[in-house]
Amino acid sequence: MRVLGLLSGTSHDGIDVTVVDFDETDGALRGTVLLEDSIPYAPALRARLVAALPPAPTTLAEVCELDTLIGQAFAEVAATARPRPSGEWTRSAPRQTVYHWVDAGHALGTLQIGQPAWIAERV
């Protein structure tokens, strides 16, 4: 089985992508990395993303637009990394972290944007 992994995290610089081919032999799971890359966000998208990060004021409209645009950027990277058709695949995409809610040293929540439906539509 091949696994497509996409991640942006808190760096806000682009999308990390990896493709790993897993197989099981005699109860041992082995993975072979087929692709490992980091794709920078388009400068205009990165500028909008950074401008919307706390403590800057933003609107839900901007968050919604960024959710779509980042989802589409993830989908483009996924479509480039995963040729069709090529057997059994799965994918993981934690998306773009924009906020961690921490109170008195306790993590209470996190917000990630980048609508995964765009990825599902493309790959």
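According to numbering that gives the first Met the number 0, the sequence shown is numbered sequentially starting from 0. A virtual CB, placed ideally from N, CA and C, is assigned to each residue, including glycine.
Q.
Ignoring anything shorter than 3 residues, give me the beta strand (DSSP E) runs that lie fully in the stretch 94-119, in order along the chain.
A. With a minimum length of 3 residues, the continuous beta strand (DSSP E) runs that stay inside the stretch 94-119 are 95-102, 105-112.
Q | Identity of the residues DSSP links to I69 by a beta bridge | A | DSSP output for I69 lists no bridge partner at all.
Q) Going by C-alpha distance, which of R47, L52, R90 is nearest A119? A) Per the Cα distances, R90.
Q) Between H99 and the rest of its own chain, which residues show a CB-CB distance below 6 Å, the 5 nearest in sequence each way excluded? A) The residues are T109.
(Q) I'd like the list of long-range same chain contacts for A74, defined as Cβ closer than 8 Å, with 5 residues on each side in sequence excluded. (A) Annotation for A74: W117, I118, E120, R121, V122 place their beta carbon closer than 8 Å to its own, counting only its chain and skipping 5 residues before and after.
Q. Helix or strand or just coil, what does DSSP make of P39?
A. Secondary structure of P39 (DSSP, three-state): strand.
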